[in-house]
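*Asks:* In the numbering used here, the protein residues as written are 5 to 302.
Okay, handing you the structure first.
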C-alpha cells in the first residue's frame with residue numbers, strides 16, 4: 005500500500021516537473037518570437053531614419069535655416085519659408101483641432117450613452133482611417149473653391165480635420181480609465197458635474213491627453229497630401245495667412261520629384277530636419293508628462 009502511494013506521488017512529481025519544463029520552453033520560444041518580431045519592425049524604421057539623416061546632413065548648414073529657396077541653376081539657398089510656414093500651419097490647426105477634439109472626447113466619455121454620441125463615435129472611427137488626400141480634396145471644395153484661392157487658412161483647416169478624430173478618441177479612452185469613485189467623490193462634495201469634469205477628471209487624465217495631442221500635432225506636421233490642395237506652397241515668404249504658404253513636407257515633395265541634384269539634396273535635408281523635429285517633440289512630451297501616466301494624487 006505504501007509502495008503504491010510512493011509510486012503515485014513520484015509519478016505526479018515527475019509529471020509536474022515535465023509540465024513546468026514544457027511551460028518554460030514555450031515561454032522562452034514565445035519571448036524569442038516576440039523579440040524577432042520587434043527587430044523586424046524596428047529594422048525598417050531604423051534604416052529609414054539612418055539613411056535620411058545621413059543623406060540630409062550633407063546639405064544642412066546655417067543657410068538652410070536662414071535663406072529662401074534659390075532659383076533653378078543657383079546653388080545654395082534654404083527652406084526658411086517652409087520652416088516658418090510649417091510652424092504657422094501647425095499652430096493654427098492646433099488652435100482649431102485641439103479644443104474641438106478634447107471637448108468631443110469629454111462629451112463621448114461623460115455623456116456618451118445617447119444616439120447622438122454613438123453617431124459621433126462612429127464618425128470619429130471612420131475619420132481616423134480616412135486617407136489624408138480625401139481630407140485635402142474636401143477642404144479644397146469647402147474652403148479653397150468658394151474663396152477662389154489657396155491659403156494658409158485652408159491648410160490649417162485640413163490639418164485640423166485630421167487631428168480632431170485622433171484627439172477625440174484619445175481623450176475619450178483616457179477619461180474612461182479614470183475611476184468612477186473620483187467622480188462620485190466630487191459629486192458627493194456638492195460640486196456640479198462640469199466642475200468635477202474640469203477639476204477632477206481632466207486633471208487626472210491630463211498628462212495622457214497632452215501626450216495624445218502632441219502626437220497628433222507631430223502627425224499633422226508631416227502631412228503633405230492635404231496641403232497640395234489647400235496651402236499649395238510658396239517659393240517666397242508669405243505676407244499673410246490668406247495666401248499660399250510654404251510647408252516643409254510640401255517643399256520636400258516638390259524638390260524630390262524635380263530632376264535637379266541640388267534640389268534632391270535640399271529635400272533630404274528637409275526630411276532629416278522634419279524627422280528630428282518630430283523625434284524631439286515626442287521625447288520632450290514624454291519627458292514632461294512622464295510617459296502619459298495619470299496624475300493621480302491621493
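Just so you know, even glycine gets a beta-carbon here, dropped at the ideal spot from N, CA and C.
(1) Does residue 283 come out as helix, strand or coil in the three-state DSSP assignment?
(2) With DSSP as the reference, identify every bridge partner of residue 249, one or two as the case may be.
(3) Skipping 5 residues on each side, what residues in its chain have a beta carbon closer than 7 Å to that of residue 276?
(4) Using 8 Å as the threshold, is the segment 160 to 169 in touch with the segment 221 to 235, meaning 3 or more CB pairs across them?
(5) What separation, rounded to the nearest whole angstrom, lies between the Cα atoms of residue 89 and residue 250?
(6) What is the residue span of the alpha helix (DSSP H) that residue 84 lies within?
(7) Where does residue 155 fall in DSSP's three states?
(8) Shortest alpha-carbon distance to residue 108 belongs to which of 287, 178, 286 and 272?
(9) Taking residue 191 and residue 230 to be in contact with their CB atoms under 8 Å, please state how far apart those CB atoms are, rounded to whole angstroms.
(10) Measuring only the C-alpha atoms, how far is residue 80 from residue 68?
(11) Three-state secondary structure (DSSP) at residue 277?
(12) If the criterion is Cβ atoms closer than 7 Å, does the pair residue 118 and residue 241 meet it?
(13) Once you ignore the five residues that flank residue 5 on each side, which residues in its own chain have a CB closer than 6 Å to its CB?
(14) With a cut-off of 8 Å on the beta carbons, I'd call residue 171 and residue 220 a contact; round off their distance for me.
(15) What are the boundary residues of the alpha helix (DSSP H) that includes residue 220?
(16) Which residues mark the beginning and the end of the alpha helix (DSSP H) in which residue 185 is found?
(17) Going by Cα to Cα distance, which pick from 76, 252 and 198 is closest to residue 262?
(18) So which of 150, 211 and 268 has the shortest CA-CA distance to residue 292?
(19) I'd like to check one pair, residue 259 with residue 270: are the Cβ atoms closer than 7 Å?
*Replies:* Inspection of the coordinates gives the following:
(1) Translated into the one-based positions of the chain shown, residue 283 becomes position 279. In the structure shown, the three-state DSSP call for residue 283 is helix.
(2) Taking the first residue of the chain shown as position 1, residue 249 is located at position 245. Paired residue(s): 236.
(3) The residue labelled residue 276 in the question sits at position 272 within the chain shown. Within the same chain, Cβ atoms closer than 7 Å to the Cβ of residue 276 are found at 56, 57, 60, 61 and 64, the five residues on either side in sequence being excluded.
(4) yes
(5) By one-based count along the chain shown, residue 89 stands at place 85. By one-based count along the chain shown, residue 250 stands at place 246. Whole-angstrom Cα-Cα distance: 5 Å.
(6) In the chain shown, counting from the first residue as 1, residue 84 sits at position 80. Looking at the DSSP string, the run of the alpha helix (DSSP H) that includes residue 84 is 84 to 115.
(7) Start at 1 with the first residue of the chain shown, and residue 155 comes out as number 151. Of the three classes helix, strand and coil, the one that applies to residue 155 here is coil, per DSSP.
(8) Within the chain shown, residue 108 is the residue found at index 104, counting from 1. Among 287, 178, 286 and 272, the Cα nearest to that of residue 108 is on 178.
(9) Stepping through the chain shown from its first residue, residue 191 is reached at position 187. Stepping through the chain shown from its first residue, residue 230 is reached at position 226. The pair is not a contact, with the Cβ atoms about 42 Å apart (cut-off 8 Å).
(10) The residue you call residue 80 lines up with position 76 of the chain shown. The residue you call residue 68 lines up with position 64 of the chain shown. When rounded, the distance between both Cα atoms is 8 Å.
(11) Within the chain shown, numbered from 1, the residue matching residue 277 stands at position 273. Here residue 277 sits in helix by DSSP.
(12) Working through the chain shown from its first residue, we reach residue 118 at position 114. Working through the chain shown from its first residue, we reach residue 241 at position 237. No, they are not a contact pair.
(13) As a first step, residue 5 is located in the chain shown; it is residue number 1 there, counting from the start. Its pLDDT being 49, under 50, residue 5 is placed unreliably in this model, and the coordinates cannot settle the point.
(14) Locating residue 171 in the chain shown gives position 167, counting from the first residue. Locating residue 220 in the chain shown gives position 216, counting from the first residue. Contact flag correct, Cβ pair sits at about 5 Å.
(15) Taking the first residue of the chain shown as position 1, residue 220 is located at position 216. Counting along the chain, the alpha helix (DSSP H) containing residue 220 begins and ends at 210 to 225.
(16) As a first step, residue 185 is located in the chain shown; it is residue number 181 there, counting from the start. From DSSP, the alpha helix (DSSP H) with residue 185 extends over 184 to 192.
(17) Here residue 262 is taken as the residue at index 258 of the chain shown, counted from 1. The shortest Cα separation from residue 262 among 76, 252 and 198 belongs to 76.
(18) Working through the chain shown from its first residue, we reach residue 292 at position 288. If we check each option's Cα against that of residue 292, 211 comes out closest.
(19) Counting from one through the chain shown, the residue named residue 270 turns up at place 266. Counting from one through the chain shown, the residue named residue 259 turns up at place 255. Yes, Cβ-Cβ distance for residue 270 and residue 259 is below 7 Å.
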